[in-house]
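Undergrad: Okay, handing you the structure first.
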Amino acid sequence: MEKFRFRASWRPRPAEKMAVSPIICQDTSLPAMQRKRRPFFRTRLSLLVSTLGLALMPAPLLRAAPVISEFLASNPGTDTDAFGESSDWIEIHNPDATAVNLGGWSLTDNPDQPKKWVFPDISLTPQQFLVVRASGKNLADPSAELHTGFRLKASGGSLALYPPQGGPAASAWENYPKQFAGYSYGKPAGGNGPAVWFSTPTPGEDNASAGLTDYVRDTHFSLPRGFLDAPATVTVTVDTPGAEIRHTLDGSEPGPASPLLTAPLPLSTTTVLRVRGFKAGLVPSNTDTRTWIFPSSWISQPDNPPGFPVTWGNPLRNGQLNSSLGVMADYGMDAGVTNDPGIRSALTETLPVVCLTGQVDDLFGMDGINGNGRRGDTEKPVAVEYFNPADPADRFSTRATLQAHGGGVREFAKKAYRLDFSGTEADGALHHPLFPGGSHEVFDQLVLRSGGHDSFTVSPAAGLSSLDPYDLAGHGTYIRDQFLRRTENEMGLLSPRGRYVHLCLNGLYWGLYDLHERPNARYAAGYEGGAEEDWDVVHHAQSGTGQQVVDGDDAAWNDLQALASSLSTPADIAALKALIGPDNLIDHLLVRIWAGDFDWLGPAYMPGVDGVNPTGNIAFYQNKNWYALHRTRGA
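What follows is the structure in structure tokens.
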């Protein structure tokens, strides 16, 4: 046992005992005394009532705790996960000379929820790295790729690693700065010095010895986005002195080899301008996107616009190639529609516009959103612009991930889409008052419905009638779904609010869409109260049987099914009534029966979403109403 002297900084009273106890040091950079093979420990003084003298106990040689050594919060698609998606990632490093078991350790993006995602029983050997995907999928099978239940925020946020026993974080990135596409963040090799951005991420390997400590600031446009009736010019500037501006006009992200923008850009046709600032020794700025629409360009939109593919992959029907759906691209506008003066004015005067911009292959390629909508939940990064010609203040721009939405509608040429803001906005949500009459103005997800079976894609005029028993003559109104959701809202029930918009993809007119809320935990908590983690949200399956867990779990729904299948005693009936909240279910059924909706009678069907609120009742909401209000079929 090694001895050394200790001198207190005050005079102890006669009835006191001084004791020195060790505190584990999480710092991996131990001072020189450890390198001389002397034990190192930090001390804490505690006063104990005793008549004994001073006692000292040596601490054992400390182990270095695992650390978050690097993370990527804006994946441009250069690194894909086991699902083929460009999810973000977090790298864990074991810097110690002995193995560590991560079972019970946890990762979080919220210091108030240290156990947000818990590691399974998995060990790291000395100096080993482990990459965890921050996809939001919440997967913790130790034999497979690990995925957190949250996403990283590119606009800046927090990230921490906590030990199983609780207490302070073993490794924390508090209030990390904004992140940039393709650049990871961490400390240089050795863990010394300030945090930096790495232009070449190294997941699963040692970090580079140096990185970038600052970035190019934002760019600014002289002309707001929106409709233009006459030629104009736009000037772009950047806040960082000496930075140059690179730009693209085809939807792709500008790179260091993209054309320089050194003069005002003339605008005479629909233009999607993407710009980015570059300067040696600095991280490039994020990409800013602005769209200007000339209505004449939309009206005369050609069948084969330059720069876009002539086919959209292989549309499938029930897993089989279906020639009746075709694979040829269809971009042209119908002259019979655009030549109608009333419709022409409606393009620019009556509805808001949503513009989505991304890589052409991400939107239309074989593995893109439109080229292969059935390929799981493939997500692609997009720029999102929204403006309302009737209200100049009703506008926003942001970034999101885009994926196909729904079940069978994924097989149609005109697909439904889902926007996810959880990895882009500062708090994982878009803040904007989108829906008139709605009090909720915070959205982590939004849905763009194409009309589904109530759209032109299944009408006889499109040559696609009788694809299945549900595609009925008379569909193509685009109003059934939103009409019944509004009906529920007028009855005092909660149903997703929506509004009609024009959709624009990379400058091309893409049609009339229903932009609406997606029922999930944030949606339920925002309207009904409680915390998001208090809610279990379950939708009907996107295809096949069963159900889709959106948030939480489906234990309450399974309990409901088990109770409803027996009801053999008064106690069963009482338990069922306590679980469902009969008034909500009765009102919900009244709407569905009155509307003659026949898409909800099968054994695999769930009415939209069930949310277990803080009182424990399951609430039923409208989620899809394409097969209602028909003259020949009904419930």
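Residue numbers (this note's numbering): 826 to 1460.
A virtual CB, placed ideally from N, CA and C, is assigned to each residue, including glycine.
#1: Go ahead and label A1444 buried or exposed: buried means 16 or more other beta carbons lie within 10 angstroms of its beta carbon, across all protein chains shown.
#2: Can you find a C-beta in chain D that's less than 8 angstroms from the C-beta of K1205?
#3: If contacts are defined as beta-carbon pairs under 8 angstroms, then T1044 and V1061 qualify, I think. What distance do you get, rounded to the angstrom?
#4: Quick check on the DSSP output: the beta strand (DSSP E) that includes V1234 runs from which residue to which?
#5: Are the beta-carbon atoms belonging to S911 and N900 less than 8 angstroms from one another?
#6: Using only CA atoms, which one of N1331, A1241 and F1423 lies nearest to L1340?
#7: With burial defined as no fewer than 16 other Cβ atoms inside 10 Å of the residue's Cβ, what is the status of T1087: buried or exposed?
#8: On a CA-only basis, which of V1041, A1020 and S1047 is nearest S1034? Give me that one, please.
#9: Tell me which residues share the same chain as I1168 and place their Cβ nearer than 7 angstroms to its Cβ, disregarding the 5 neighbours each side in the sequence.
#10: Please return the same chain residues whose Cβ sits closer than 8 angstroms to the Cβ of L1107, not counting the five positions on each side in sequence.
#11: Whose C-alpha, out of L1172, V957 and I1118, is nearest the C-alpha of T1094?
#12: Can you tell me which of T1182, G909, V956 and T905 puts its alpha carbon nearest to the alpha carbon of G1332?
#13: Quick one: which unbroken beta strand (DSSP E) runs of 3-plus residues sit fully inside the segment 961-1036? Chain order, please.
#14: DSSP beta-bridge partners for G1336?
#15: Which residues does DSSP pair with K1205 in a beta bridge?
#16: Any idea if I1398 is buried or exposed, counting beta-carbon neighbours within 10 angstroms, 16 or more meaning buried?
#17: What does D913 pair with, by DSSP beta-bridge criteria?
#18: In this structure, how does DSSP classify W930 when only helix, strand and coil are distinguished?
#19: Indicate whether G1323 and Q1307 have their beta-carbon atoms separated by less than 8 angstroms.
#20: Around the C-beta of A1160, are 16 or more other C-beta atoms found within 10 angstroms, so that it is buried, or is it exposed?
#21: Taking the DSSP output, what are the residues bridged to P935?
#22: Given a threshold of 16 other Cβ atoms within 10 Å of its Cβ, counted over all protein chains shown, does T1114 qualify as buried or as exposed?
#23: Between N766 and A1014, which are expected to be in contact by the criterion C-beta below 8 angstroms, what is the C-beta distance as a whole number of angstroms?
#24: Do you know how far the Cα of L1176 is from the Cα of Q1126?
#25: With 16 other CB atoms within 10 Å as the buried threshold, where does P1294 fall?
#26: Taking the alpha-carbon of G1421 as reference, which of Y1452, T1302, V1179 and D1361 has the nearest alpha-carbon?
#27: Where S1247 and P1321 are concerned, what is the direct C-alpha to C-alpha distance, given to the nearest angstrom?
#28: Using C-beta distances below 8 angstroms, list every residue in its chain close to E1174, excluding the 5 sequence neighbours before and after it, in chain order.
#29: Taking only three categories from DSSP, how would you classify L1090?
#30: Label L1085 either buried or exposed according to how many other C-beta atoms from any shown protein chain fall within 10 Å of its C-beta, with 16 as the threshold for buried.
#31: My assumption, with CB atoms under 8 angstroms, is that L955 sits in contact with L964. Please give the rounded CB distance.
#32: Going by C-alpha distance, which of V1272, S1110, L1227 and G902 is nearest R1026?
#33: Out of R1274, A979 and A1105, which one is the CA nearest neighbour of P1206?
#34: Locate the alpha helix (DSSP H) running through D1408, then write down its first and last residues.
#35: Along the chain, where does the beta strand (DSSP E) containing S1121 start, and where does it finish?
#36: Compare the beta carbon distance of I947 and G928 with 8 angstroms and say whether it is the shorter of the two.
TA: Taking the structure as given:
#1: buried
#2: The displayed structure is made up of one protein chain only, and chain D is not part of it.
#3: Rounded to whole angstroms, the Cβ separation of T1044 and V1061 is 6 angstroms, and the two are in contact under 8 angstroms.
#4: Where V1234 is concerned, there is no enclosing beta strand (DSSP E), given that its DSSP letter is neither H nor E.
#5: Inclusion of S911 and N900 in the CB contact set at 8 angstroms is warranted, their separation being smaller than that value.
#6: Closest by alpha carbon: A1241.
#7: exposed
#8: A1020
#9: Excluding sequence neighbours, I1168 sits near V1162.
#10: L1037, D1039, Y1040, V1041, T1065 and A1068
#11: Among L1172, V957 and I1118, the Cα nearest to that of T1094 is on I1118.
#12: T1182
#13: Counting whole runs of 3 or more residues, the segment 961-1036 contains the beta strand (DSSP E) stretches 982-987, 996-1001, 1009-1011 and 1021-1023.
#14: L1328
#15: L1227
#16: exposed
#17: A959
#18: coil
#19: yes
#20: exposed
#21: A small correction: the amino acid at residue 935 is Asn; Pro does not occupy that position in the sequence shown. Its beta-bridge partners do not exist; DSSP assigns none.
#22: buried
#23: No answer is possible for residue 766: the residues shown for the chain start at 826 and end at 1460.
#24: 19 angstroms
#25: In this prediction, P1294 has a pLDDT of 47, which is less than 50 and means its spatial position is unreliable; what the coordinates show is noted afterwards. By the neighbour-count rule (16 or more Cβ atoms within 10 Å), P1294 is not buried but exposed.
#26: Y1452
#27: 19 angstroms
#28: Excluding sequence neighbours, E1174 sits near P1214 and A1215.
#29: strand
#30: exposed
#31: Rounded to whole angstroms, the Cβ separation of L955 and L964 is 14 angstroms, and the two are not in contact under 8 angstroms.
#32: For the sequence presented, residue 1026 should be read as Pro rather than Arg. Nearest of V1272, S1110, L1227 and G902 to P1026, Cα basis: G902.
#33: A979
#34: P1407 to W1419
#35: Unbroken run through S1121 is the alpha helix (DSSP H), P1120 to I1124; no beta strand (DSSP E).
#36: yes
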